[in-house]
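What follows is a single structure, written as structure tokens, with notes after it.
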Amino acid sequence: MTAAARKRGWRFAEPSALPGFGPALGFTLAYLSFFVLLPLTALTLRPWEAGFDHFWGVMTNERTIDAFKLSFGASFVAACINAVFGTVVAWVLVRYDFPGRRLLDAFVDLPFALPTAVAGISLAAIYAPNGLVGSLFDPYGVRIAYTPLGVMIALVFVGFPFVVRSIQPVLEDFDSEAEEAAATLGAGRIRTIFHVVAPALLPALLAGFSLSFARAVGEYGSVIFIAGNIPNVSEIAPLLIVIRLEEFDYAGAAGVGLVMLVVSFVFLLILNALQGAAGRRGRA
Amino acid sequence: MSRRSIARRDPPVLAGALIFLSIAYFAVVLLLPLATVSVEALRRGFGGYFQALQDPDAISAIRLTLLVAAIAVPLNTVFGLAAAWAVSKFEFWGKSALVTLIDIPFSISPVISGLVFVLLYGANGWFGPLLDKYNIQVIFTVTGLVLATTLVTLPFVARELIPLMQAQGSDEESAAATLGAGPWRTFFLVTLPNIRWALMYGVLLCTARAMGEFGAVAVVSGTIRGETATMPLHVEILYNEYQSVAAFAVASLLALFALVTLAVKTLLEAQFADELAAQRAR
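From first to last, the protein sequence lines are chains A and B. The numbering of the first sequence is the working numbering, which starts it at 326 and goes up by one. The numbering of the second sequence is the working numbering, which starts it at 212 and goes up by one.
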């Protein structure tokens, strides 16, 4: 706020010569109220309408707890796998030149573009016991589809672009002088990568990890086909919402949804704090 | 240029191994599912494939998907333009909170995006009795599909435009206004040409997501065959009925559309890199 504005006292908006502030902001606020605020209010208030005991009953139900464990656990493992391979792919795309590099780069976003139901039935077909990959493992008694392993594979697919797309711009802008200085001073290539490059990439890696994790926790379409949805074994939390709704237990469905939202939110806050800390360390 | 710096060159063995690993990972994780769609769709030849696409329910699913996208995308485009105009051209209290609010739909599960409308407008919803009195049904109708799809795709256009328009500032618009151009003239002749590629990019991503959305519409649709089943929901119906070829045939159309989206997206990014907002991770 400028000094002049401060003298005039508090005002909602700075004066401007441009037209349309009122209508544009009014429309934006009305739209957001209708599509975001009102729905979120309902999600926050409705879990309690059948009493706290009902909410607690739904949440401490073994089936709910198992679904939450699977959703958060599989999402965490999938985000870890994506962090490793996403970093490798981003490195390869930025640092090396090889035929087909640009095509590969474009295909990174395939999981964003491919509708989740399409990915879902396709993954289910590949990893089913009679599928292309599933049949390789079936003779050894390893089942992929219809187990938590299948859930994780679907989550690896949907979360793949996030880490690559977070790291890529940082790697492209990375100051090569630090790397060259390390090499000149006699640090080996591996040592340079781990002590010079890695700390600079860490904040972006954590950001990509959180995005991949958050997406995986809420993912539905690509998971339900390969999961087989066996209660207590391969049933994910979002599916539980659908099941509660089908039983007309609105409070229960809203409760599961609210807890999912709050847990992911807390997790993202923690990762955000870590990212800030890593950023400060990387600069120091 | 940076690729040639000697100090930054990795040992060829390492480089080769990493490139091989990446390509293998791409092939198994990304390309295999894509290839499977076409192989499974053509399992009974082109005859079976086209027969599956000519099924009346499949055609009505295609129509419904286009209809829902044709309503949700323009809504979110107008919203994106209005929000970006307010946020980028004016200073007001609570602006950063508003920008955060716009991004919220990206961080909630699609299933929750459908659930909230059932909680509001379903038979047991807050406004259920009121709507019932006037004989209006939202859930299990096209209205519900549009609401859920709009919520899921709400941020796409706005988040492309806001950073770009903030970076561009409002000098050109101020000049136009000072020279006597009316609000609409200023917008169409000054602002729109400056943001057209980013706008197109946002609309493209919004459309792709709107047509492919599954979780949110699954909750509000009730999946009534031939009536409230969009293409992704129709894929689910067919798959659950073990009509694998038909399911993959409809899925192949969606996959084809995804590939076109990727191609146009890559083209826009390559051609208009400077004009697009520099935020690719989402």
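Every residue gets a Cβ at the ideal spot worked out from N, C-alpha and C, and that includes glycine.
Within the segment 399–426 of chain B, those residues whose Cβ lies closer than 9 Å to any Cβ of chain A are, in chain order, Leu416, Ala419, Arg420, Met422, Gly423, Glu424, Phe425, Gly426. The shortest C-alpha to C-alpha distance from B/Phe459 to any of B/Gly259, B/Phe237, B/Ala378, B/Pro222 is the one to B/Gly259. Taking C-beta separations shorter than 7 Å and ignoring five residues to either side along the sequence, the partners of B/Leu326 in its chain run Val430, following chain order.
One thing to note: A/Ala431 has its Cβ within 8 Å of the Cβ of B/Leu473. In this structure, B/Pro321 places its C-beta atom within 8 Å of the C-beta atom of B/Gly426. When only Cα atoms are considered, B/Gly437 and B/Leu278 end up about 14 Å apart. Residues of chain B whose Cβ lies closer than 9 Å to the Cβ of A/Ser460 do not exist; the shortest such Cβ separation is about 13 Å. Taking the CA atoms as reference points, B/Val357 sits about 15 Å from B/Gly333. Assignment of beta-bridge partners to A/Ala503 by DSSP yields no partner.
At a cut-off of 8 Å between C-beta atoms, B/Val310 does not count as an interface residue with respect to chain A. Chain B places a beta carbon closer than 8 Å to that of A/Trp416, counting this residue as a contact.
Collapsing the DSSP output to three states places A/Ala578 in a helix. The beta carbon of B/Val357 does not come within 8 Å of any beta carbon belonging to chain A, so the residue lies off that interface. A direct Cα-to-Cα measurement between A/Ser537 and A/Phe482 gives close to 10 Å. Cα atoms of A/Asp574 and B/Leu479: separation of roughly 46 Å, rounded to the nearest angstrom.
Within the segment 220–238 of chain B, those residues whose Cβ lies closer than 8 Å to any Cβ of chain A are, in chain order, Asp221, Pro222, Leu225, Ala226, Leu229, Ile230, Leu232, Ser233, Ile234, Tyr236, Phe237. Within 8 Å of the CB of A/Ile451, the CB atoms of chain B belong to Leu243, Pro244, Thr247, in sequence order along the chain. Sequence-ordered contacts of the segment 310–332 of chain B with chain A read Leu312, Ile313, Ile315, Pro316, Phe317, Ser318, Ile319, Ser320, Pro321, Val322, Ile323, Ser324, Gly325, Leu326, Val327, Phe328, Val329, Leu330, Leu331 [C-beta pairs closer than 9 Å].
B/Ala280 sits in a helix when the DSSP states are folded into three classes. If you compare the alpha carbons of A/Pro563, A/Leu596, A/Ala355 with that of A/Gly582, the shortest gap goes to A/Pro563. When CB distances to chain A are screened at a threshold of 7 Å, the residues of the segment 275–303 of chain B falling below it are Phe290, Ala293, Ala294, Trp296, Ala297, Lys300, Phe301, Glu302, Phe303, in chain order. For A/Ser559, the closest Cβ of chain B is not nearer than 8 Å. Nearest C-alpha to B/Pro366 among B/Ala481, B/Gly227, B/Leu342, B/Phe290: B/Phe290. Under DSSP, A/Ala338 takes part in a beta bridge, and its partners are B/Phe303. In the structure shown, the three-state DSSP call for A/Arg427 is helix.
A distance of 8 Å or more separates the beta carbons of B/Thr311 and A/Ala342. Using a CB distance below 8 Å, the part of the segment 369–385 of chain B facing chain A consists of Ser381, Glu384, Ser385, ordered along the chain.
No Cβ of chain B is located within less than 8 Å of the beta carbon of A/Arg516. A/Thr353 belongs to the set of residues whose beta carbon lies under 8 Å from a beta carbon in chain B. Residues of chain B whose Cβ lies closer than 8 Å to the Cβ of A/Glu387 do not exist, since the nearest Cβ in that chain is about 21 Å away. Here the alpha carbon of A/Tyr452 sits roughly 18 Å from the alpha carbon of A/Pro436. It is roughly 7 Å from the alpha-carbon of A/Leu496 to the alpha-carbon of A/Val419. Three or more beta-carbon pairs separated by less than 8 Å link the segment 438–446 of chain B to the segment 267–278 of chain B, which places the two stretches in contact. Of A/Val443, A/Arg468, A/Ala579, the smallest CA-CA separation from A/Pro454 is found for A/Arg468. Taking a contact as a CB-CB distance under 8 Å, the pair A/Ala579 and A/Arg371 counts as one, their CB atoms being some 4 Å apart. By the CB criterion at 8 Å, A/Ser535 and A/Leu480 fall outside the cutoff.
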